[in-house]
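>
Protein chains in written order, with the working numbering: chain A, 7 to 262; chain B, -14 to 390.
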């Protein structure tokens, strides 16, 4: 179980705000520039960073993250290079919560046990696999927990409370609450009923709840923060990063 | 229910789809147990598709080769020209039963897209077909057919712009719209229960073939051959014979320009286990677990994965999986045209090539069945293009006992 993830939520709570979580694919737009962007994310207020392993067939992602992942792969990103990025990031940012975010196949191909060991050694705190539901999680979750990584469960609007209890049972870290039925990408406004959903989730788990998918700006983040312990910004951050370090810095300052 | 075939299969999908898969599985089990559903499915296969399809002796081809008597299971004579429609009718009937108001499908060459557009029109349901932008251009006649049938085509511009990307995009749409939309998957892949469901709706091929052989010859076939891309015609054919241990089952993968060139679609012979589109199966991929583009002269076999049950049957040794390259498939295409007056799909030509290779070595009077999964009208341009790129190719008549192919 990761102290850094727990501390990130505790620190945000003490300051009366939600934890700020950002997603960025590793190796985007290329290896050298990617390290700079990740440093900016950590320096400009990310409490937790979801470092993505790009995949050739990202079925849960919208066009912005798809395109960024394909560019990273074309520039040579591999699971090994993303782990190395994590290691460098950890050296410079000892308190940052660091989640390895991936689809199943790169992890399966590497070998889940070796991967979890190497990720923990590199300084990652948690593992999140977007296409591995509860029914298939054992071969990934067991080695993750054995290596001391939090296993981050995802719940969606389609998940009923009984199932949410099943998904979050025994988990450490936080719950990734998907706000909408659909894929990643910026949206305007928040789905109706998010507050009620989060309240229902609190009845089945004591873990911090972080909401993601469609949160594009400060206004959306603030609206989420009324109900959630954290918010996750993906596509909008990737789009800002695509415009360069200065644009990313300006974008992040909007959330501080 | 078992969602796995040994280490293969499973449900590797985003959480949002898990309740959807459970809903489909429940509805599917109830439908199969409902005589009304089964009767409606069977009457559509008879009256609309034109089943049963003939089991046709290939007399001149068999005589030219010597050895086994070759029989063709004529799925090419189905309405829409291929086996795909068997499965689509089953799935769209299920969609209606579940109260879904719209269907979506992925397609590569366009045959599954045409079948889905066709049955959607018959049932009065809106239909959207996802097809890679490259395939929309390569397979223009099928895109025209789908539009004529009232379907909307979405040309997928992401990734390699072919079948796997079309499936990615269909899944993305499904995640967002599953409350009212049914995803009609075209092959025995995807998350459970799709591999089992598609096999069930295609198993009419094998059931008919088994009975037709017994009626005609009083005996089962010695060997049954079918092509394998995702593997739905093969699974539908093999299902009836899996327990007949004396019947040799042979799946044929697309060898493209040869396994050694890396330009092929042979997931079983040239891949290793991986996770794509909701299931674990044998997969063409890089050492880092990134999925590779498949290649074959036949667009319908051009998929980097394969149905998980095929991966299982390969490991178990129950089915042998051969590889046929582009050139041998073209030669088999020409052979069936000239010797039997049947223009086969290039997909089916891969199975024919393996039959032509196996038959001469089999005893006289033995029986070899080939699943002729589709007709080849759609491929005339592809065959002409291939021949133009390979001016050294010339079809030579088969001689008795010859091993031309």
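Virtual Cβ for every residue (Gly too), placed ideally from N, Cα, C. Everything numeric in this text was worked out from a predicted model, so none of it was measured.
So residue 115 of chain B contacts chain A; which residues on that side make the cut at Cβ distance below 9 Å?
Neighbours of residue 115 of chain B on chain A: none; closest Cβ ~12 Å, over 9 Å.
> Less than 8 Å between CB atoms is the rule here; does residue 90 of chain A satisfy it with respect to chain B?
Not an interface residue.
> In or out: residue 390 of chain B buried (at least 16 other Cβ within 10 Å) or exposed?
Confidence is the limiting factor: at residue 390 of chain B the pLDDT is only 44, short of 50, which leaves the residue's position unreliable, though a coordinate-based value still follows. Residue 390 of chain B comes out buried.
> Does the beta carbon of residue 348 of chain B come closer than 8 Å to any beta carbon on chain A?
Not closer than 8 Å to any Cβ of chain A, the Cβ of residue 348 of chain B fails to qualify, so no.
> Which same chain residues, not among the five before or five after residue 376 of chain B, have their C-beta less than 6 Å away from its C-beta?
Counting only Cβ-Cβ distances below 6 Å, and skipping sequence neighbours, we find nothing.
> Do the segment 124 to 141 of chain A and the segment 150 to 158 of chain A meet, that is, are 3 or more Cβ pairs less than 8 Å apart?
Result yes; three or more Cβ-Cβ pairs closer than 8 Å.
> Contact defined as beta carbons within less than 8 Å: I believe residue 207 of chain A pairs with residue 170 of chain A. What is the distance between those atoms, to the nearest angstrom?
Confirmed, about 6 Å.
> Short of 8 Å Cβ to Cβ, which residues in the segment 120 to 142 of chain A face chain B?
The residues in question are 136, 137, 138, 139, 140, 141, 142.
> Quick one, are the C-beta atoms of residue 110 of chain A and residue 135 of chain A less than 8 Å apart?
Taking 8 Å as the Cβ cut-off, residue 110 of chain A and residue 135 of chain A qualify as a contacting pair.
> Run through the segment 154 to 236 of chain B for me and flag every whole beta strand (DSSP E) of 3 or more residues, listed as ranges in chain order.
The qualifying runs are 166 to 169, 208 to 213.
> Using DSSP bridges, identify the partner residues of residue 107 of chain A.
Looking at the DSSP assignment, residue 107 of chain A forms a beta bridge with A:58, A:134.
> Can you find a C-beta in chain B that's less than 8 Å from the C-beta of residue 34 of chain A?
Not closer than 8 Å to any Cβ of chain B, the Cβ of residue 34 of chain A fails to qualify, so no.
> Can you tell me whether DSSP reads residue 309 of chain A as helix, strand or coil?
Past the edges of chain A, shown from 7 to 262, lies residue 309 of chain A, and the structure says nothing about it.
> Between the C-alpha atoms of residue 62 of chain B and residue 32 of chain B, what's the straight-line distance to the nearest angstrom?
Between residue 62 of chain B and residue 32 of chain B, the C-alpha separation is close to 13 Å.
> So, under 8 Å CB-CB, residue 168 of chain B and residue 177 of chain B are touching, yes? Tell me the CB distance rounded to an integer number of Å.
Contact doesn't hold; Cβ gap of about 14 Å is too wide.
> Is residue 218 of chain A helix, strand or coil by DSSP?
Residue 218 of chain A falls in the strand class under three-state DSSP.
> Which of the three DSSP states, helix, strand or coil, is assigned to residue 20 of chain B?
Here residue 20 of chain B sits in helix by DSSP.
> Looking only at its own chain, which residues have a Cβ that is under 7 Å from the Cβ of residue 197 of chain A, when we skip the five neighbours before and after it?
If we look at residue 197 of chain A and ignore the five residues flanking it on each side, its Cβ neighbours are 185, 186.
> Please tell me whether residue 187 of chain A has its Cβ less than 8 Å away from any Cβ of chain B.
Interface residue, yes.
> Relative to the alpha-carbon of residue 52 of chain B, which residue among B:-11, B:348, B:124 has its alpha-carbon at the smallest distance?
For residue 52 of chain B, the nearest C-alpha among the options comes from B:348.
> Using 8 Å as the Cβ pair cut-off and three pairs as the minimum, do the segment 309 to 329 of chain B and the segment 191 to 199 of chain B touch?
Result no; under three Cβ-Cβ pairs closer than 8 Å.
> Helix, strand or coil for residue 238 of chain A per DSSP?
Strand.
> Got a sec? Which residues, its chain only, sit under 6 Å from residue 242 of chain A by beta carbon, not counting five neighbours each side?
Result list for residue 242 of chain A: 192, 222, in chain order.
> Alpha carbon to alpha carbon, how far is residue 141 of chain A from residue -4 of chain B? Give it in angstroms, no decimals.
Taking the straight line from one Cα to the other gives about 8 Å.
> Taking Cβ to Cβ, would you say residue 162 of chain A is nearer than 8 Å to residue 0 of chain B?
Their beta carbons are under 8 Å apart, which means residue 162 of chain A touches residue 0 of chain B by this criterion.
> Using the Cβ count rule (16 or more neighbours within 10 Å means buried), how would you classify residue 42 of chain A?
By the neighbour-count rule (16 or more Cβ atoms within 10 Å), residue 42 of chain A is not buried but exposed.
> From residue 281 of chain B to residue 58 of chain A, what distance separates their C-alpha atoms?
So the alpha carbons of these two residues sit roughly 32 Å apart.
> Taking C-beta pairs closer than 7 Å, name the residues in chain B that residue 114 of chain A reaches, listed in chain order.
Within 7 Å Cβ-Cβ: 259, 260, 274.
> According to DSSP, what are the bridge partners of residue 153 of chain A?
BP columns for residue 153 of chain A are empty, so no partner.
> If residue 227 of chain B and residue 303 of chain B are in contact, beta carbons under 8 Å, what's the gap, nearest whole angstrom?
Contact holds; Cβ gap of about 6 Å.
> Can you pull the chain B neighbours of residue 13 of chain A, defined as C-beta to C-beta under 8 Å?
Those within 8 Å of residue 13 of chain A in chain B number zero; the least Cβ separation is about 27 Å.
> Quick one: residues in its chain with C-beta nearer than 6 Å to the C-beta of residue 31 of chain A, no 5 flanking neighbours on either side, listed in chain order?
Excluding positions up to five away in sequence, the list reads 58, 60, 74, 75, 78.
> Using a C-beta to C-beta distance shorter than 7 Å, which residues of chain B count as neighbours of residue 85 of chain A?
Chain B residues near residue 85 of chain A: 273.
> Cβ atoms of residue 231 of chain A and residue 23 of chain A: under 8 Å apart, would you say?
Result yes, Cβ atoms of residue 23 of chain A and residue 231 of chain A sit closer than 8 Å.
> For residue 199 of chain B, does the count of other Cβ atoms within 10 angstroms reach 16, so buried, or fall short, so exposed?
Classification of residue 199 of chain B: exposed, given that the 10 Å Cβ count is below 16.
> Could you tell me which chain B residues have their CB closer than 9 Å to the CB of residue 27 of chain A, listed as they occur along the chain?
Within 9 Å Cβ-Cβ: nothing; residue 27 of chain A doesn't reach chain B, min ~18 Å.
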